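A short write-up of the structure that comes next.
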Amino acid sequence: QGLTILAGRGARENDELSIRTARGNDLFFHVAGKPGPHVILRVDRGKTASPESIDDAAYIAARLSGWRGPGNLAVHWTEAKYVRKPKGLPPGKVLIDRHREHLVAPREDGISALLPPEEQDAC
C-alpha cells in the first residue's frame with residue numbers, strides 16, 4: 002500500500018513516537034504483554050490501512066521485539082488517538098484503549114521485503 006511504518010528503539014524514543022509524532026488516524030502497534038518497540042503505521046486522514054499494511058506493521062513490532070518464531074505472536078494495535086500517557090508512567094509505557102489483537106506468523110523473507118529498495122541492497 003506504500004504506507005510509512007515508524008518504529009521506536011528505546012523507551013524515550015517510543016514516547017516521542019507514540020505521543021508526539023503519531024497523529025490521530027495513524028495506527029499504533031505493540032507486542033502484547035511484554036516490553037518492546039512502539040510501531041506507528043502512518044495513515045492519511047480519510048483513508049484506511051489495508052489488512053496487508055496492518056500485518057506488515059504488526060510483523061515489524063514482533064520482529065523488533067526479538068521474536069523470530071516458531072509459532073504466532075499476539076500484537077495489540079489501535080488508532081493513535083487511543084494511546085495516552087498519564088502523568089507518572091515511566092518512559093516507554095503508555096496506556097491504550099480500544100485495542101485489537103493481530104496474530105503475527107513467521108515469514109520466509111523476514112523483514113527485508115518491507116524495507117525501501119535502497120535499504121534492501123544493504124541487507
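Going by the numbering used here, the sequence shown opens with residue 2, and the numbers climb by one from there. Every residue gets a Cβ at the ideal spot worked out from N, C-alpha and C, and that includes glycine. Keep in mind that this is a model prediction, so the values were computed, not measured.
Chain-order list of residues whose beta-carbon lies under 8 Å from that of I55 (same chain, five-residue window excluded): If we look at I55 and ignore the five residues flanking it on each side, its Cβ neighbours are L28, L42, W78, H103.
Across the segment 58-71 and the segment 22-41, are there enough close Cβ pairs to call them in contact, namely three or more that are closer than 8 Å? Touching, yes.
Give the straight-line distance between the Cα atoms of D98 and D16, rounded to the nearest whole angstrom. D98 and D16 have their alpha carbons spaced roughly 16 Å apart.
Residue range of the beta strand (DSSP E) that L28 falls in? Run containing L28: 28-32, per the beta strand (DSSP E) assignment.
Closest by C-alpha distance to T22, when choosing among H31, V32, A8: Here the closest residue by C-alpha is A8.
Going by DSSP in three states, I112 sits in which element: helix, strand or coil? Secondary structure of I112 (DSSP, three-state): coil.
DSSP puts T79 in a beta bridge; with which residues? Residue pairing by DSSP places T79 opposite F29 in a beta bridge.
For A8, the three-state DSSP class (helix, strand or coil): Under the three-state reduction of DSSP, A8 is assigned to strand.
Using the beta-carbon count (16 or more within 10 Å), is L74 buried or exposed? That one is buried.
Assigned secondary structure, I43 (DSSP; H/G/I helix, E/B strand, else coil): A small correction: the amino acid at residue 43 is Arg; Ile does not occupy that position in the sequence shown. Note: R43 maps to coil in three-state DSSP.
Could you check whether A59 and V105 sit closer than 9 Å to each other, using their CB atoms as the reference points? Result yes, Cβ atoms of V105 and A59 sit closer than 9 Å.
For the putative contact between I6 and D57, defined by C-beta atoms under 8 Å, what is the C-beta separation to the nearest angstrom? Taking a contact as a CB-CB distance under 8 Å, the pair I6 and D57 counts as one, their CB atoms being some 7 Å apart.
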